[in-house]
Structures are given as C-alpha cells and as structure tokens.
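All residue numbers in the sequence shown are consecutive under numbering that gives the first Met the number 0, ending with 316.
Notes follow once the structure below has been shown.
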Amino acid sequence: MAQSLSFAETKQMLTDYRWSLRRLEQDGQMYNVPEDMRGLVRVFLTNGMTYSFVPSDNETEAEQHKYSITKTHMTFYIYDDQMTFAYRIEDFIGYKLYMDVDNNGDIVTFVFDRAAKNVVKPVSQTVTIGSQVWSAKNLSTTTFRNGDPITQATTLYEWRALDEQGIPAYCDINFDASNRATFDVLYNYYAVIDPRGLAPVGWHIPSVKEAQTLIDAVGGQYYAAGHLKAKDNWSDNSMTNNSTGFSAVGSGRITNMGYFGNFKTACQIWIKEPNANYKDKYAPTIFIDIQRNNNKVEIIYTPEYYGSGKSVRLVKD
C-alpha cells in the first residue's frame, strides 16, 4: 500500500533504512539490474528534486559509485516494504547508466526493496579544528555501516581467539562495561580496515596526512597534546586545557594477547593507512599517541599487531 508522506517524512523514511535494487522495468519488460548497482544502498533526499544513492558497505569507493535521480518527469512511491522511482533515462545524473534499455527518453521504473533499518548512528558531537571537522569523542559503534554486528570480546581469551581468526572485534576497557560511557570502546585493526566500514556515511578514519594536519593546527608535535586532551579522565591533568574541544581521554590500549595498558595515561587512536615498511599482518599499523604528562603528540610507526586494540576517531569527508 502506497504511503502519502510529506517531504520531511519521505526524507526520514529514506535515510532510516537501507534499500536493495530489485529490478528495472520499461514498457512492461523487466531488465537485469547492472552488477555495479546491486546490493544495499542508502538513499539521501538532498532537496525536493534530487535523490542520491550511495552503497552502504564500501567507504572507499562510495564517491565513484554514487548516482542520483532528478524529479523531472518522475513519479515516486513508497510502499510498506518497497519504493519505486519512474523517470526518463536522460534525467539520470552522475554515475553511468549503461544497461540493456534503449536510451530514447522512455520512462524506466526502478524498484527497490526495503532492507534492515540502519543502525549506525550519525556523529552527533563534532569539533572544528583548523580546516577539519572531527568527532568530539571516541567511536563506540557496535555495528558496521551496513548493519552487520561487530564481535565483542568480553574476556582475554575471547580477544586472543578473535585475533587468531582475523575477526574484527571491539571490547570495553578492562572488559568493564561501566567504562564505555566515558572512554567508549577499543577496536582491533581488523575492524578498522574491514570494507564494511566503521564510520557512518560522510565520515572516515583519518589518514597520516589528516592526523598531521590536526597536530600542525594546534601548535605542532611538541605543543599539541594539551590542546587536545580532556581536562578529566587522566591520572595527571596538569598539562591539559582542551582548548580545541577534541577531548581526548586516557582510554589506553589492549595488546593482541588481551592485556590492557596505559589506562588514564595515554590515548592511542588508529590511523587507517598501512605502514609501507611492514608487509605481514603483524606490523602494518600507524596510530596517534597522546600521553598524560607531556605536551607532545606523535604519529607512531612502531610495529603493532592487527589484534591490538585502540580508540577510533573520525574526520568528516
């Protein structure tokens, strides 16, 4: 049954769910969906005229696979579990429309099935530092962007086993759920590089260049830490002013063997960029390191295991 929705209600419906393109129709004929348009997508109603579709499970290729539909010559329906766009081929903008349909201006109908509800929450607390917009707290999502759950380790032995199997995982600090409200969670590197993506649409895990830009914007390597550290949740708060609002907390780390360290004495934040000096799974990582009683902020290239756990911050696309 078709729903009569306002613009605001339509926008909410589209963004609350993920959608899967089921079929194309033209003049009563059904056509196969192009392979690069299959799979789950998120739909964004950017204004009264344009609908944008972005694959929900591939952060790195989202831009090159983004495509849009204008409202010109188009009808649009949302059913209980389905939505339908009917529009002329020449109205298509953006990503290629190469398929077995004549490009003669006839109306083509795209039929989408509604999939699971989106569960990755948008970034609600942000801070602008220089030219960048960062999340103002550590990440604590328990699902990937496409809604798949991330495995939680609740014991040292579970954490070790997940590393041995190469499974993306997170844990509460000291395996204590009461720490999550303040320090959020730690993720292993398998979760950081998983193609399903930890970040919601419009955000990503920083590169080395982006981390360096952050450090340079607040005084450079030897002066940045005090401007980035929260005034609380460190064992020594003497060198903090948090002038940026970045609010780094002493969330510490966990080794691949399941041992916690540096709680309230360090904040280590993953960088999503492989260390070119190391090729095996045991030592490819780079991370930002902020210490309790020091104004220095470093980008660390020291070998780390994929199974190690650190905090995650996001930077806006």
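Ideal placement from N, C-alpha and C gives every residue a C-beta, glycine not left out.
The structure displayed is predicted, hence computed values, not measured ones.
Can you round the beta-carbon distance between residue i and residue j to whole angstroms, since I take them to be within the 8 Å contact cut?
{"i": "residue 293", "j": "residue 222", "result": "Going by Cβ atoms, the distance from residue 293 to residue 222 rounds to 11 Å, so no, they are not a contact pair."}
{"i": "residue 167", "j": "residue 187", "result": "7 Å"}
{"i": "residue 247", "j": "residue 229", "result": "6 Å"}
{"i": "residue 198", "j": "residue 128", "result": "Contact flag wrong, Cβ pair sits at about 18 Å."}
{"i": "residue 202", "j": "residue 313", "result": "4 Å"}
Could you check what DSSP says for residue i in three-state terms: helix, strand or coil?
{"i": "residue 173", "result": "helix"}
{"i": "residue 191", "result": "helix"}
{"i": "residue 207", "result": "helix"}
{"i": "residue 309", "result": "strand"}
{"i": "residue 185", "result": "strand"}
{"i": "residue 158", "result": "helix"}
{"i": "residue 260", "result": "strand"}
{"i": "residue 219", "result": "coil"}
{"i": "residue 225", "result": "helix"}
{"i": "residue 179", "result": "helix"}
{"i": "residue 163", "result": "helix"}
{"i": "residue 127", "result": "strand"}
{"i": "residue 90", "result": "In this prediction, residue 90 has a pLDDT of 37, which is less than 50 and means its spatial position is unreliable; what the coordinates show is noted afterwards. Residue 90 falls in the helix class under three-state DSSP."}
{"i": "residue 253", "result": "strand"}
{"i": "residue 149", "result": "coil"}
{"i": "residue 298", "result": "strand"}
{"i": "residue 140", "result": "coil"}
Taking Cβ positions, are residue i and residue j nearer each other than 7 Å?
{"i": "residue 207", "j": "residue 269", "result": "no"}
{"i": "residue 126", "j": "residue 244", "result": "yes"}
{"i": "residue 138", "j": "residue 257", "result": "no"}
{"i": "residue 193", "j": "residue 184", "result": "no"}
{"i": "residue 315", "j": "residue 132", "result": "yes"}
{"i": "residue 291", "j": "residue 234", "result": "yes"}
{"i": "residue 232", "j": "residue 181", "result": "yes"}
{"i": "residue 174", "j": "residue 153", "result": "yes"}
Ordered along the chain, which non-local residues of its own chain (more than five positions away) have a Cβ less than 6 Å from that of residue i?
{"i": "residue 255", "result": "162, 304, 306, 307"}
{"i": "residue 101", "result": "Any reading at residue 101 needs caution, since the residue's pLDDT is 44, under 50, leaving its predicted position unreliable; the model's value is listed next. Correct list: empty, nothing qualifies."}
{"i": "residue 239", "result": "225, 228, 230"}
Would residue i be called buried (16 or more neighbouring beta carbons within 10 Å of its own) or exposed?
{"i": "residue 249", "result": "buried"}
{"i": "residue 123", "result": "exposed"}
{"i": "residue 309", "result": "buried"}
{"i": "residue 145", "result": "buried"}
{"i": "residue 140", "result": "buried"}
{"i": "residue 164", "result": "exposed"}
{"i": "residue 176", "result": "exposed"}
{"i": "residue 134", "result": "buried"}
Among residues of its own chain, excluding the 5 on either side of residue i, which ones have a beta-carbon nearer than 7 Å to its beta-carbon?
{"i": "residue 147", "result": "195"}
{"i": "residue 297", "result": "220, 288"}
{"i": "residue 242", "result": "226"}
Looking only at its own chain, which residues have a Cβ that is under 8 Å from the Cβ of residue i, when we skip the five neighbours before and after it?
{"i": "residue 260", "result": "251, 252, 253, 254"}
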